[in-house]
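Chains as they are written, first to last, in our numbering: chain H, 1 to 411; chain E, 1001 to 1586; chain V, 2001 to 2174.
Beta carbons: idealized from backbone N, C-alpha and C, even for Gly.
None of the values given here were measured: they were computed from a predicted structure.
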């Protein structure tokens, strides 16, 4: 029962001016069901409301649980890649790269330089598309539909570039154990340059539309706040953690691939509210652009896969022409690559935070266990705490800015 | 005499030097202690180095070595660093026996490079045949290539071309291009089969395996060279191109060709058996099976009886339950008259016979049993026995345990001919003699449990379809009194059921309590009656097999419905769930 | 640096933290006794030299056929020092109960629910021990190795929902 209702019951005599009478209210349960345009990726939230304030929130997940870990235990190591695509399906190359880094750690493989640069390049392009998705969806749900259209256009032209190199817009399946699948097509670098310019233009438009917008600021500033200590305690990583003020980025703290040779900044927020998280994404778009340009300058010519037929399929002329190639092809396809027994945990800075893969191998061709540390999980877990006492309308932008992607949270 | 001069010892002879110190006493008396890759191996003197390494978990690769054949040391794949090598040479491990205090290294860079180089040489002229070679999936070239030489080919000239399909004999085909001249086949035929039909012809680079001109490779053990051949040079005409080894699962089974019960692997996929491969058993068949035994799987697939039938000849098909009811009615009536005879086949397993005997004695009041079975065949002094029935000893044990008198088949034929026997219940339709079988077939009521068509099965008035070896678990007792277990590969096909299940259903229809749903339960319940004659046989006595090659399937089955394949078997019940208590010991 | 962290943990809990080793790629790993997990984790978080402040990634591995059957894995990391450590806890099938570390890190909450849901490992002291992905009536624990990949579930009756929103009604009632 709310305070006002208690007052009414205790003082049954109405006050003089009926307009000033306290308004009786009671708790209301609202079900933001799994099928809801704003509940990204089928999450059910049962919200207990006191008027318009959220009193408590119960999250129900599992509607998108597809059995990623169990399915991966049943296929070979290389057949896992399409499954990883569908984890964080908005930035799938980062999942591929994260998984292949973990397997290469177990196999003690060193990837050629060109492959490393290609991985970083395409990962950053997908990071940009992830952030654009977030900003676009957030704009849409706040009522700014133009922002959605601009971001979708930016994302779409980025995906066109990615289609040219990886073969698919969304589920790229680009990384391989030992390198990457394909090299850059001719003329791709110029196209990407032009795309980046256009994306930057669209990003600036979005910035102008949203960042100093009265409505947006009213809705985002000081909503969905989380303190720095709480964010760490909940295990936030990535832009959400940095928005709360903790300057932790795996690309700087323990660099992997070629991030130690690239010059980029890591934006850090201060308030840990929705507005800071939104600004983080815009800033990171700028930084990713810098990284992509530097990769193009630094990328050396060379192989795109390590030339070790225990892990990498030989090129087709060798498969059909030499016995070694034929045997390697057969063994890899039918038995799977033989990853030495052991366990390894490898993490990368994905668009959303620390994407970790925990692999256990029994020495055979199939993974014994694949565990995914999904970055969006921790933010989702903290949502009820973040929204305690906030307005119902604040739930929507909070859901947007923590970038919970159903695929990775529910595997 | 006092002044005898003794001859003085010559002053110039130097004192004899002390003899060199003998070898230090062995570290473990009675055994030889050596160090392989830092691990200490304590083995009996005279142990081959490859075997000693295997004992401590070090796998030295080899092609031409086989533990039951003489040493050829011509493949050079097993070269290792040994501390007693003359001049520091790499020595072939297959040719060396262990010595006290020996230190062997198989993982040094020199050895690794040697293994890589040997493999490269072997592969230089090897044809690119993997897509069409039967050995794919069990080929040592493929396996060793991935482990020891994973580099690309450096060959830039065309490969040598030789004859691709030489039919050496009725069961064996030679592909000369794939042969690496390890001579395992030659040594096998000479030493084990004792019939030297294979030899190496020509010399040097032009050598090839061949039989003597114009002579076929027709020895009855020629099929073993197919298993021995580490590459796909010698392939079986029977299995050629019929299936990919990767998709076959292996059940540990027994050959049913004679009373030796050679241990085999029964390779199957879905509900078809593809081949028999020998399984190692030092006491029974070492590593070998005879050619007819190799082909003895064919009746499991072909011309099977999969539906019950009422009436002679074509008759009319019936549901098994109806046929069982009719059989029970007939048998009960004839048993009351006293004109019923029981015919047991020594091809049926111990469990089959135990249930049939129980039903016969308790449900039908029968006290004597006639023995059918296959007629005697050829025999030799190696593996094949004349008695071509796998379970004759089992039948004798069951008859003794139930107190039956054992009568020969001829007696049954006579009894039917002169009318004292009007009905026969045949568990297994194998008959030792055509003429007598024809006489028995004239019985007015003939209830036959059979797997394939034959004289008795065709003449049956009630035909119950039964399942052969791959479709049930069970035990055979061989001529030596050795009880051996075979395991189920796939569920009974069609309407057929194992003999024990059919007999159980008959027993239930006759009013007995049916209390077994698996062969294991039959053995645990009824096997006690013969257990004292089976020595230390246990139901869970199947030896473990190497499970690590290829895709080890998920413990809980596969996602796409395809059987696990590749020498693995996960017993799945009819709904596709894993039956954990039926899993063979890992 | 991570090895030093393991050393420090081992010195502080010599009987609870055992068998430290260096895994593939330089990962520092140690085994922890099941009943002391909470203490070890609290020390790992509170000690300034260790400062494993970020909520860990907790998962489990089912080694069917081994004893202990489950291996509970805690992947700890620190934003202060930047080091990472892996703690492995052997959980036997006969007694799959482990003290919960939710009171050490709030973010361990859902990971422990996931381990219960998928592996059947119970956490003592967990505030909300429900299944995470699966519905409550689910039978079995899916990521165990003996759970069939194509396992079927029994049909469950429709749940009675007693918290449905009933409409406003006149003020003062319910």
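Looking from the CA of residue 279 of chain H, the closest CA among H/244, H/307, H/256 and H/191 belongs to H/244. Membership of residue 296 of chain H in the alpha helix (DSSP H) is indicated by the continuous run 274 to 298. Under a criterion of Cβ atoms nearer than 8 Å, no residue of chain E is adjacent to residue 297 of chain H; the nearest Cβ is some 32 Å distant. Under DSSP, the beta-bridge partners assigned to residue 1486 of chain E are E/1474. By the 16-neighbour rule on beta-carbons within 10 angstroms, residue 2119 of chain V is buried.
In this structure, residue 355 of chain H and residue 94 of chain H form a Cβ contact; the two beta carbons are roughly 6 Å apart against a cut-off of 8 Å. Interface criterion not met: the Cβ of residue 1095 of chain E is under 8 Å from no Cβ in chain H.
Neighbourhood of residue 2025 of chain V in chain H, by CB distance below 7 Å: 105 and 344, in chain order. With a beta-carbon spacing of about 30 Å, residue 171 of chain H and residue 234 of chain H fall beyond the 8 Å limit used to define contacts.
Per DSSP, reduced to three states, the secondary structure at residue 396 of chain H is helical. Counting the other CB atoms within 10 Å of its CB gives residue 1061 of chain E a total of 16 or more, which places it among the buried residues. Judged by DSSP secondary structure, residue 185 of chain H falls outside any alpha helix (DSSP H); it is assigned neither H nor E. Taking residue 1387 of chain E as reference, the option from E/1395, E/1373, E/1398 and E/1396 with the minimal CA-CA separation is E/1373. Rounded to the nearest angstrom, the Cβ distance from residue 1076 of chain E to residue 1086 of chain E is 17 Å, too far for a contact under 8 Å. When secondary structure is reduced to three states using DSSP, residue 82 of chain H falls in the helix class.
Around residue 310 of chain H, the beta-carbon contacts reaching into chain E at under 7 Å are 1146 and 1150. Among the residues of chain H, those whose CB is under 7 Å from the CB of residue 1130 of chain E are 326, 327 and 330, following chain order. By the rule that beta-carbons nearer than 8 Å mark a contact, residue 1126 of chain E touches chain H. Proximity of the stretch 370 to 380 of chain H to the stretch 114 to 123 of chain H falls short of the contact definition, fewer than three beta-carbon pairs being nearer than 8 Å. The criterion of a C-beta distance shorter than 8 Å is satisfied by residue 304 of chain H and residue 112 of chain H. Within the stretch 303 to 352 of chain H, the complete alpha helix (DSSP H) runs of at least 4 residues fall at 316 to 321 and 323 to 335. By the CB criterion at 8 Å, residue 140 of chain H and residue 148 of chain H fall inside the cutoff. In summary, the residues of the stretch 2130 to 2153 of chain V whose CB is separated from some CB of chain H by less than 7 Å are 2132, 2133, 2134, 2142, 2143 and 2149, in the order they occur in the chain. Taken in chain order, the complete beta strand (DSSP E) segments of 3 or more residues contained in the stretch 44 to 84 of chain H are 44 to 50 and 53 to 60. In the three-state scheme derived from DSSP, where H, G and I count as helix and E and B as strand, residue 361 of chain H is classed as strand. V/2060 is the residue among V/2060, V/2077 and V/2108 whose C-alpha sits nearest the C-alpha of residue 2069 of chain V. If you draw a straight line from the Cα of residue 49 of chain H to the Cα of residue 216 of chain H, it comes to about 23 Å. Residue environment analysis places residue 1215 of chain E among the exposed positions, since fewer than 16 neighbouring C-beta atoms fall within 10 angstroms of its C-beta. Here the stretch 217 to 236 of chain H makes contact with the stretch 2092 to 2109 of chain V; the two share three or more CB pairs at distances below 8 Å. Against chain H, the CB of residue 2003 of chain V has no partner CB under 8 Å away; the residue lies outside that interface. With respect to chain H, the C-beta atom of residue 1141 of chain E has a partner C-beta closer than 8 Å.
The C-beta distance from residue 1251 of chain E to residue 1470 of chain E rounds to 6 Å, short enough to meet the 8 Å contact threshold.
At a cut-off of 8 Å between C-beta atoms, residue 304 of chain H does not count as an interface residue with respect to chain E.
Secondary structure note for residue 1054 of chain E: its alpha helix (DSSP H) is the uninterrupted segment 1049 to 1055. The stretch 1220 to 1233 of chain E and the stretch 1122 to 1139 of chain E touch, with no fewer than 3 CB-CB distances between them shorter than 8 Å. Think of a sphere of 8 Å around the beta carbon of residue 251 of chain H: no beta carbon from chain V falls inside it, the nearest being about 12 Å out.
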